[in-house]
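In terms of mature numbering (1 follows the signal peptide of the UniProt record, and there is no 0), the sequence shown is residues -20 to -1, 1 to 153. In this text, a Cβ means the ideal position worked out from N, Cα and C, and glycines have one as well. Since the structure is predicted, the reported quantities are computational estimates derived from the model, not experimental observations.
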Amino acid sequence: MKRVTFFLPVMAALILSACAGGPGAGGPAPSLAKRAVEGRFNVAPPTVEVTPPGPLPTDLAGRLARWEADSIAAQQAFASERGAAASAVAAASGAPVASERWVVAQQAISRLVAARAPLTEALADIDRLYLERSIDEAVDGLPDIYALRDRLADTASAQEAIIEALSIQLPGE
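Here's what the structure looks like:
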């Protein structure tokens, strides 16, 4: 116990003596000025001039127009098959797997998937074109290509959600 009572005041004195050498003790305060070593890395990065993409090349304009027309036709075919598929799935609700109504509903969903094939093919082709032009660093027309790709992807995603919703309504195998 005597050692503890002796040890505590000694430790407190050592800790307080470490604080005594600060700026109030008469020594100079540390400078906040920039040191010589700190300015050594202030080098401006080289400026690289990036040219914006130009217009779509004429040889690609026809391909994009064809893919857009294919996607519009696929969307129309999908829309015309959608009602029949929804009716067939509703009729198959509660039907056992592999029954006549279940098979008819599965076939209707398959026709719905087939109707969107031109859209998915156009999307795959435009993805391939976008990647090829990006790799070749051919930036002319990339905004147009990407805009069409974005529209096709949105349409494909919406169609996929519809197909998924219909498939969930059917009893599983």
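In this structure, A72 sits away from R62, with a CB-CB distance that is not shorter than 9 Å. A Cβ-Cβ separation of about 5 Å places I106 in contact with R129 under the 8 Å criterion. With contacts defined as CB atoms closer than 9 Å, A85 and A65 qualify as a contacting pair. P123 sits in a helix when the DSSP states are folded into three classes. In this structure, the straight-line span from the alpha carbon of T135 to that of I125 is close to 16 Å. If you draw a straight line from the Cα of P123 to the Cα of L44, it comes to about 12 Å.
Taking all protein chains shown into account, F58 has 16 or more neighbouring C-beta atoms within 10 Å of its C-beta and is therefore buried. As the crow flies, the alpha-carbon of L99 is around 21 Å from that of G121. In the structure shown, S114 adopts helical secondary structure according to DSSP, grouped into three states. According to the DSSP assignment, L150 belongs to no alpha helix (DSSP H), since it is labelled neither H nor E.
Between the beta-carbon of L146 and that of V69 there is about 5 Å, and that keeps the pair under the 8 Å contact cut. Proximity to Q139 across Q55, S60 and P25 peaks at Q55, based on C-alpha coordinates. Only residues of its own chain outside the window of five on either side were considered, and among them L128 have a CB closer than 7 Å to the CB of E48, listed in chain order. Burial is judged here by how many other beta carbons sit within 10 angstroms of a residue's own beta carbon; D39 has fewer than 16 and is exposed.
Under the criterion of beta carbons closer than 8 Å, L103 and I143 do not qualify as touching, at roughly 15 Å.
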